[in-house]
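First to last, the sequence lines map onto chains A and B. So the first sequence is numbered by the numbering used here: it starts at 1 and just counts up by one. So the second sequence is numbered by the numbering used here: it starts at 1 and just counts up by one.
2 protein chains.
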Amino acid sequence: MIGAREDDDAAVWKADRGAVVATVDSMVEGIDFRLEWPGLTFRLLGRRLMSVNLSDLAAMGADPGHALISLCLPGSLALRDVTDLYRGISERARQYGCTVAGGDLSGTDGPMVLTAALYGTLPTGRRPLRRSGARAGWALGVTGVLGRAAAGLGLLLAGKSPRTAAERRWVRSQYDPSPRVGAGQTLAESGIRVGGDISDGLYREIERIAGPAGLGATIEADQMPLDRDLRRDRDHAWAGGLMESEDYELVCAAPRAVLDAAQRRLWRTERLTLTIIGTLTPEKGIRIRVDGRLVSIPSLGAGYDHFR
Amino acid sequence: MIGAREDDDAAVWKADRGAVVATVDSMVEGIDFRLEWPGLTFRLLGRRLMSVNLSDLAAMGADPGHALISLCLPGSLALRDVTDLYRGISERARQYGCTVAGGDLSGTDGPMVLTAALYGTLPTGRRPLRRSGARAGWALGVTGVLGRAAAGLGLLLAGKSPRTAAERRWVRSQYDPSPRVGAGQTLAESGIRVGGDISDGLYREIERIAGPAGLGATIEADQMPLDRDLRRDRDHAWAGGLMESEDYELVCAAPRAVLDAAQRRLWRTERLTLTIIGTLTPEKGIRIRVDGRLVSIPSLGAGYDHFR
């Protein structure tokens with residue numbers, strides 16, 4: 001193991017009051033990204049590594065604090081690429097008030113693995129957004145615009161370079177998502193208690209919120225805040241693209257009046273939309289209403305819970 | 001990215017008072033371990049992942065608190081191996097009062113990469129061991145016994161299975177090191193302010209302590225607490241084996257009287273030896289006294305400081 005430390009064996013910082021919120025995520029070459037994708041730079045990779053982790057803090061309504069970075073890189077990598085990677089990491093961290101406190105650098109004979117562990121804070125009095133606690137009849141809201149990242153990934157996997165303004169926007173959403181840190185804080189401070197990010201797909205995240213409470217959901221297809229250039233292909237977008245979408249938006253659930261107030265506040269503080277897209281129902285399962293007809297979405301499972 | 005979460009996007013726990021100490025370390029298959037090494041199990045790999053990170057907290061004198069785990073594993077790995085890995089991680093964590101708070105699981109087409117980020121606390125009033133602040137004339141102390149892990153690694157790299165009791169002891173030190181968590185706390189509480197772990201080698205760690213203060217060190221070869229079955233081959237041990245030794249012991253520097261008191265306290269609390277092996281000198285460079293003759297050790301550099 002090659003050590004990469006500031007000065008000591010570990011990083012030290014003063015504890016904040018309140019609660020600690022912590023997350024770790026890895027990006028694996030060949031699985032989460034491919035170096036041959038057009039326009040993908042090491043700086044963008046560094047930014048993305050921070051963004052996916054910042055999104056987990058955002059999903060809890062936390063303030064980002066400190067990051068630890070562990071990079072496993074092939075020895076053949078050019079120093080310039082390593083520098084660009086760090087540059088992307090630190091510029092994205094700084095942008096969201098996060099300090100890169102330490103890290104570890106290892107050699108590897110295989111694909112690159114980039115890992116970040118992020119620590120944030122919930123100040124005393126701010127309660128987190130959680131997946132548990134949803135009630136039937138509550139409205140479901142989602143921040144921002146949907147479908148872009150999935151459309152961008154589709155282009156990249158098909159080996160296409162983006163040509164139109166829309167295609168460039170989609171690929172940018174895939175490469176360089178904006179974690180909704182300010183939005184998460186605003187939702188939590190608006191009294192919303194239930195929510196999560198939709199990086200594993202909107203429907204899966206709604207299932208994770210509804211399922212444990214013994215509930216289901218009805219989603220209104222014509223309320224979905226799809227990218228304007230995806231609306232023409234709406235059926236595709238809601239049926240397929242959104243299942244595995246890597247949009248880094250937040251979904252939340254609360255009584256309608258609470259969501260309405262949060263909507264106004266979010267627009268004021270972040271210039272970001274919060275769109276009501278459906279309702280939690282006592283009937284289990286996720287259904288989408290398309291042209292007046294209810295279509296059931298097959299269960300996606302809650303994910304992999306090896307740490308239980 | 002495959003999500004592996006308890007219930008939410010991130011883990012939450014109540015902040016302790018005092019200072020936070022945090023570290024991250026990855027183990028890469030083919031670099032840090034090889035699955036074909038005799039007797040290496042997935043449970044031992046999990047234990048080792050925790051131990052190398054716990055050692056970083058130990059080196060600061062911190063109390064372990066929470067761990068986040070990110071595993072990049074090939075899809076072909078047997079479920080039983082994954083379960084054994086988690087078992088090793090959680091049993092080692094529990095042993096040192098550490099809670100596995102969350103994690104991430106990714107697929108990979110390449111070598112396994114196992115990462116742990118650990119988060120510990122320095123209670124109000126306990127100051128950390130740091131690499132900076134050493135003074136000329138201070139004595140150097142090291143915990144435990146040296147040379148075993150390097151001897152064990154030597155056997156493994158030579159493709160040999162351990163046969164004698166000594167060889168089994170050496171391989172065990174390599175596979176399943178004991179992080180000196182209690183020792184680090186005791187050293188810090190004995191008023192020692194300067195120290196680190198020697199997982200990157202004893203001489204390198206002494207250089208990291210002496211160098212920034214503009215100092216050097218003289219080490220007494222015949223004071224080194226070598227494993228008894230390595231003493232016959234003493235010249236090899238001090239010259240080569242200890243340079244890159246992966247012993248997870250602690251080295252520290254303080255006025256002689258402070259070290260003497262810490263020595264007694266460490267034996268009382270942990271039944272662990274603290275051996276005085278040398279002195280910090282105003283002359284730069286690391287020298288070893290062997291049979292009355294001073295031998296200079298070439299500088300190893302302080303490591304890779306990409307995050308500066």
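Virtual Cβ for every residue (Gly too), placed ideally from N, Cα, C.
So, is the C-beta of residue i closer than 8 angstroms to a C-beta in chain A?
| i | result |
| --- | --- |
| B/Tyr119 | yes |
| B/Leu57 | yes |
| B/Lys284 | no |
| B/Val113 | yes |
| B/Arg17 | yes |
| B/Phe307 | Note that B/Phe307 scores 36 on pLDDT, short of 50, meaning its location in the model is unreliable and no value can be drawn from it. |
| B/Gly211 | no |
| B/Met1 | Per-residue confidence for B/Met1 stands at a pLDDT of 27, beneath the threshold of 50, marking its modelled position as unreliable; no derived number is given. |
| B/Asp197 | yes |
Any Cβ of chain B within less than 8 angstroms of the Cβ of residue i?
| i | result |
| --- | --- |
| A/Pro128 | yes |
| A/Ala11 | yes |
| A/Leu68 | yes |
| A/Asp63 | no |
| A/Cys252 | no |
| A/Tyr304 | Annotation note: pLDDT 39 at A/Tyr304 (below 50); position unreliable, no value reported. |
| A/Lys14 | yes |
| A/Asp176 | no |
| A/Asp8 | yes |
| A/Met224 | no |
What residue range is occupied by the uninterrupted alpha helix (DSSP H) comprising residue i?
| i | result |
| --- | --- |
| A/Asp260 | Arg256 to Glu270 |
| A/Leu49 | Phe42 to Ala58 |
| B/Val82 | Leu79 to Gln95 |
| B/Gly182 | Val181 to Glu189 |
| A/Gly154 | Arg148 to Leu157 |
| A/Ala166 | Ala165 to Tyr175 |
| A/Ile209 | Leu202 to Ala210 |
Which stretch, first to last residue, makes up the beta strand (DSSP E) that contains residue i?
| i | result |
| --- | --- |
| A/Trp13 | Ala11 to Lys14 |
| A/Pro128 | A/Pro128 -> no beta strand (DSSP E), and no H or E assigned at all. |
| B/Ser296 | Arg293 to Ile297 |
| A/Pro64 | Asp63 to Leu73 |
| B/Ile277 | Leu274 to Thr281 |
| B/Gly103 | Thr99 to Gly107 |
| A/Glu220 | Gly216 to Glu220 |
| A/Val145 | Looking at the DSSP string, A/Val145 is not in any beta strand (DSSP E), and its letter there is neither H nor E. |
| B/Arg287 | Gly285 to Val290 |
| B/Gly195 | Val194 to Asp197 |
On a CA-only basis, which of the options is nearest residue i? Give me that one, please.
| i | options | result |
| --- | --- | --- |
| A/Gly39 | A/Arg135, A/Leu153, A/Leu140 and A/Gly133 | A/Leu153 |
| B/Thr143 | B/Asp32, B/Ala253, B/Ala116 and B/Ser299 | B/Ala253 |
| B/Leu129 | B/Arg256, B/Arg289, B/Glu270 and B/Val21 | B/Val21 |
| A/Leu157 | A/Leu146, A/Gln263 and A/Trp170 | A/Trp170 |
| A/Ala213 | A/Arg289, A/Ala78, A/Ser161 and A/Ala134 | A/Ala134 |
| A/Glu36 | A/Gly159, A/Gln263 and A/Arg287 | A/Gly159 |
| A/Ala93 | A/Gln263, A/Asp63, A/Thr186 and A/Ile209 | A/Asp63 |
| B/Ile277 | B/Ala149, B/Arg268, B/Leu79 and B/Gly137 | B/Gly137 |
| B/Ser173 | B/Ala149, B/Met60 and B/Ser132 | B/Ala149 |
| B/Gly147 | B/Ala58, B/Arg231, B/Arg265 and B/Ala139 | B/Arg231 |
| B/Ala116 | B/Ile192, B/Ala262 and B/Asp104 | B/Asp104 |
| B/Gly107 | A/Ser106, A/Ala78, A/Thr108 and A/Val113 | A/Val113 |
| B/Leu259 | B/Leu140, B/Val181, B/Tyr203 and B/Ser76 | B/Leu140 |
For the stretch 16 to 27 of chain B against the stretch 66 to 73 of chain A, do three or more pairs of beta-carbon atoms, one drawn from each stretch, fall closer than 8 angstroms, so that the two count as touching?
yes
Check each residue of the stretch 21 to 49 of chain B: if its Cβ is closer than 9 angstroms to any Cβ of chain A, include it; give the result in chain order.
Val21, Ala22, Thr23, Val24, Asp25, Ser26, Met27, Val28, Glu29, Gly30, Ile31 and Asp32
Whether or not the stretch 121 to 138 of chain B and the stretch 218 to 230 of chain B are in contact is what I'm after, with contact meaning three or more pairs of Cβ atoms, one per stretch, closer than 8 angstroms; do they touch?
no
Count the CB pairs spanning the stretch 177 to 187 of chain A and the stretch 99 to 112 of chain A that are closer than 8 angstroms, and state whether there are at least three.
no
Under 8 angstroms (Cβ pairs) to chain A, residues found in the stretch 79 to 111 of chain B
Val82, Tyr86, Val100, Ala101, Gly102, Gly103, Asp104, Leu105, Ser106, Gly107, Thr108, Asp109, Gly110 and Pro111
Can we say the stretch 192 to 205 of chain B touches the stretch 247 to 254 of chain B, given the rule of at least three CB pairs closer than 8 angstroms?
yes
Three or more C-beta pairs below 8 angstroms linking the stretch 274 to 285 of chain B and the stretch 164 to 171 of chain B
no
Closer than 8 angstroms between beta carbons: that is the criterion. Which residues of the stretch 132 to 151 of chain A meet it against chain B?
Ser132
May I ask you to verify whether the stretch 43 to 52 of chain A touches the stretch 6 to 16 of chain A, counting CB pairs closer than 8 angstroms and requiring at least 3?
no
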